[in-house]
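The C-terminal position of the sequence shown is numbered 200 in the working numbering, with every residue numbered one higher than the one before it.
Here a beta-carbon is modelled for each residue, glycine too, at the ideal position from N, C-alpha and C.
Fair warning: this is a prediction, and the values are worked out from it, not measured in the lab.
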Amino acid sequence: MKSRFLPAYLVTLVVFLVLDGLWLGLVAQSLYQSQLGALMSKTPLWAAAVLFYLLYIVGLVVFVVAPALRTGGPRSAALHGALFGLVAYATYDLTNLATLNGWPVTITLIDLVWGATVTAASSALAVLILSRRKTA
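Here it is in structure tokens:
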């Protein structure tokens, strides 16, 4: 497991960072600024962001990518990744909706869709890349 975990982790991390970086940097930046306004920090707390990505990818590899590599393939990775992403992003967004005054429902809905989408795509792409690497 250890010898296969690191490549799976690194591939999944790179794929996820590219997709989420495109989303946050190009697609949704103005949306978040307009919807969250004063709630957003002028500069992110990078240590917390890095910790999120490192931990999230551990969960993604352990619960989605590694099982799909063993028995399921990319379709299984996409389906389980979508569920994993939905649950994880719902934890954050629904907690914010429940506890923060003025947390936008729009952001919650968009984040839930994005969490499911980015996690499904990252999982499936990682499995495709890693599967091709095995056969090469």
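Below 7 Å CB to CB, which residues in the same chain sit around V135 once its five sequence neighbours on both sides are set aside?
Inspection of the sequence shows that residue 135 is occupied by Thr rather than by Val. Nothing meets the Cβ criterion.
For V75, count neighbouring C-beta atoms within 10 Å of its own C-beta (all shown protein chains included) and say buried if the count is 16 or more, exposed if not.
buried
Just the Cα atoms here: how many angstroms apart are L158 and V177?
13 Å
C-alpha gap between L83 and P138, whole angstroms:
17 Å
Please identify the residue among G149, V79, T107 whose C-alpha is closest to the C-alpha of F127.
G149
State the Cα-Cα distance for the pair A115 and V191, rounded to the nearest angstrom.
At residue 115 the sequence reads Leu, which differs from the Ala that was named. Distance between the alpha carbons of L115 and V191: 23 Å.
Count the other CB atoms within 10 Å of the CB of L124; is the residue buried (16 or more) or exposed (fewer)?
buried
Span of the alpha helix (DSSP H), counted from its first residue to its last, around F116:
110 to 124
Nearest-angstrom Cα separation, counted from N165 out to P71
42 Å
Using 10 angstroms around the beta-carbon of L189, count the other beta-carbons present and answer buried if the total reaches 16, otherwise exposed.
buried
To which residues of the same chain is W167 closer than 7 Å at the C-beta, ignoring the five residues directly before and after it?
N160, L161
Check for me: the alpha helix (DSSP H) holding P138 runs from which residue to which?
137 to 163
Whole angstroms are fine: how far does the CA of V78 sit from the CA of I121?
10 Å
If A130 sits next to A184, beta carbons under 8 Å apart, how far is it from one beta carbon to the other, in whole angstroms?
Wrong, their Cβ atoms sit about 16 Å apart, outside the cutoff.
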